[in-house]
Structures are given as structure tokens and as C-alpha cells.
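Step one of this worksheet: look at the structure below.
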Amino acid sequence: MPLVSPGEWLRKAQRLGFALGAFNVENMEMAQAVVAAANALHAPVMVQTTSGTLGFAPPEVFAGLVSRLAQAAAVPVALHLDHGNGLDLARRAIAAGYTSVMIDGSTLPYEENAALTRSVVRIAGDVPVEAELGTVGGKEDAHSAEVRYTDPDQAADFARRTGISSFAVAIGTAHGFYKGEPKLDLDRLAAIRARVSVPLVLHGTSGVPEDQVRACIARGICKVNYATELRAAFTGAVREALAEKPDAIDPKHYLKAGRAAVQALVEHRIRLCGAEGRA
4 MPLVSPGEWL RKAQRLGFAL GAFNVENMEM AQAVVAAANA LHAPVMVQTT SGTLGFAPPE
64 VFAGLVSRLA QAAAVPVALH LDHGNGLDLA RRAIAAGYTS VMIDGSTLPY EENAALTRSV
124 VRIAGDVPVE AELGTVGGKE DAHSAEVRYT DPDQAADFAR RTGISSFAVA IGTAHGFYKG
184 EPKLDLDRLA AIRARVSVPL VLHGTSGVPE DQVRACIARG ICKVNYATEL RAAFTGAVRE
244 ALAEKPDAID PKHYLKAGRA AVQALVEHRI RLCGAEGRA
């Protein structure tokens, strides 16, 4: 089917108490893996690319690729710009066919973040816009940040003033792999949920214990982002394939191994999010 807008599915997830799995891809094989996993489990899914990934291949390339994969799938597939770095990229992604965009002004002062976000909402029209308040720590592409937690009262003001469709919360997660076990502020999440009506998003979920992910979904998270662990699964499988056949020169041999590893991981994460059979 054609690429879908995730807005209706996020609201459905919010209403029924599950979350959409949102998976960052870097190439064709990872995109194939995500869509194949969703198809196998009859689950709606979001395929995502970051600003850094789009510096490697432009949004038109990923939009063309993912839209073709979606056409051949029997489940809803949305294409999302993750951590968009400005108005121009958001506009270009939308023009290319992305069905959802994030603008990340979380490192800006509050008023500047709100103004930038509102400007993206205006140019996006009917395309849903996600934004972040507070800062998810760690490293996303070339950007590093310290954790700065979302203030629940400020979150309510931000959502009202900007008109966003979904809200990424900062409750103790971080991009990249964790050095120790993360401790998420579930009380803060519940307080944000009580004040903000739009669907809530959890970033930096690679490495978060499964019981904490379930606890977040139970407290209102409707979209769960995975990136780092997909990259690690893909790269690890490629390394193993090349170690087994060090003389291999056909990329299909080792890229197929990476694709299979990502699909298996994505299927597991879809089940964790409670999205299996929801399409």
C-alpha cells in the first residue's frame, strides 16, 4: 500500500495501549528488513532516517526506496524524518514524500525551540510534526548532548503553543549504547502524560531493559525509536559473513546477512511494543 501518515496510527496506539516501532535505517537492506519484519508480524511500522543519514543519501532517494517497499507490503508503513536539523530539510523531506517529520530544537533556548517548531508545523500542513523538549543524552549523528529532563508543565505549554502532533520526552534515555543500566523517570513520564494530550515518543531506546520499555508504554508512550542496536546488528552480521568467507567480493553475500539480522531484531522489538497483529 502507499506510504501512510502515522498520525492516525499513533492515536490508535495511544487509545489501545501499544506503541509503534520506529526504526532508523541507513541503506536499502535495513529498510527491506524493517518492512519485511512488519509484514511478517502484521504490524504498522515507521521507517526513519536522520539528518546525518540524509547527508549520505538525500531524502528523495530514501523516499523512492521506502515508498516502493511500502507498495509491496500488506501493512501500513510511514516514512519519518528523525531529528531534523532545520526548516529547509523538513521542507525537502515533505516534498520528497516523507509522511512525518521531526524538528529537533531541543538544544536551543525554550523560546527559540518553540518558534522553530511552530514554523515547521506551519510549513508541514497536514504532515504530522514531532518535536522534543528537554534533551535525550548521548550522540545522535554528529550531535552530542547531556540529558536535560522534560519539565511537565513546560511540556504542556510547548505542545499547546506549537501545535505538534507528537512529543518526544526526555526522561533519562540516551542515544547510543549505555555504559550502565539506564534509570528512567517513570513518574515524570506519567506527569507529562497527564498534561500533554498528543502521543508521546521515547528516543534512545537501544539498550533500555524490556521491562522499562513496557512500563513506558503503560504510561503513555505511543512510539518507540530504535537506531543504534540496528546498526550494531547489521554491522556484526556483515563482519561474521566476511570472516566466514574472507575472499567474498559479492556484496549481496554479506549484505544479506546484515538484512536478516536486522529483520530478526525488528521483529523482536515490534512484539515488545505490542504492535504485532495491529495492522
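Taking the numbering used here, I'd label the letters of the sequence shown as residues 4 to 282.
Ideal Cβ positions, reconstructed from N, Cα and C, are used throughout, including at glycine.
Quantities reported herein were computed from a predicted structural model and do not represent experimental measurements.
In this structure, Gly137 is the residue among Pro47, Leu203 and Gly137 with its C-alpha nearest to the C-alpha of Asp107. Within the stretch 18–44, the complete beta strand (DSSP E) segments at least 3 residues long are 23–27, listed from N- to C-terminus. Rounded to whole angstroms, Lys15 and Leu82 show a C-alpha spacing of 18 angstroms. In the structure shown, Cys219 adopts helical secondary structure according to DSSP, grouped into three states. Taking the Cα of Glu63 as reference, the smallest distance to any Cα among Thr102, Ser209, Pro155 and Leu275 is reached at Thr102.
With a cutoff of 8 angstroms on beta-carbon distance, Glu279 and Ala98 are scored as not near each other. Excluding residues up to 5 positions away in sequence, Ala36, Ala39 and Ala40 lie with their Cβ nearer than 6 angstroms to the Cβ of Gln266 in the same chain.
Shown here, Ala60 sits in coil according to DSSP, grouped into three states, outside any helix or strand. DSSP lists Ala25 and Ala81 as the beta-bridge partner residues of Met49. A direct Cα-to-Cα measurement between Asp253 and Ala264 gives close to 18 angstroms. The stretch 152–159 makes no contact with the stretch 115–127, as fewer than three CB pairs between them are under 8 angstroms. For Lys226, the uninterrupted beta strand (DSSP E) segment begins and ends at Ile224 to Tyr229. Taken in chain order, the complete alpha helix (DSSP H) segments of 4 residues or longer contained in the stretch 176–215 are 189–198. The alpha carbon of Val130 has as its nearest neighbour, out of His206, Pro112, Arg95 and Leu189, the alpha carbon of Arg95.
Within its own chain, the residues whose Cβ lies closer than 6 angstroms to the Cβ of Gln215, once the five positions on either side in sequence are excluded, are Leu187, listed in chain order. Within the DSSP bridge table, the entry for Ser169 names Glu133 as partners. Cβ-Cβ distances below 7 angstroms link Val124 to Val132, Thr165, Gly166 and Ile167 in the same chain, with the five nearest sequence neighbours on each side left out; the list follows chain order. Around the C-beta of Leu92, 16 or more other C-beta atoms lie within 10 Å, and the residue is accordingly described as buried.
Beyond the five residues adjoining it in sequence on each side, Leu57 comes within less than 8 angstroms, by CB distance, of Phe65, Leu84, Leu92 and Ala96 in the same chain, given in chain order. By the Cβ criterion, the stretch 26–36 is not in contact with the stretch 204–218, since fewer than three pairs of Cβ atoms, one from each stretch, lie closer than 8 angstroms.
With a 10 Å radius around the Cβ and a threshold of 16 neighbouring Cβ atoms, Glu32 comes out buried. Assigned with DSSP and collapsed to three states, Ile106 falls in strand.
Taken through DSSP and simplified to helix, strand or coil, Gly55 comes out as helix.
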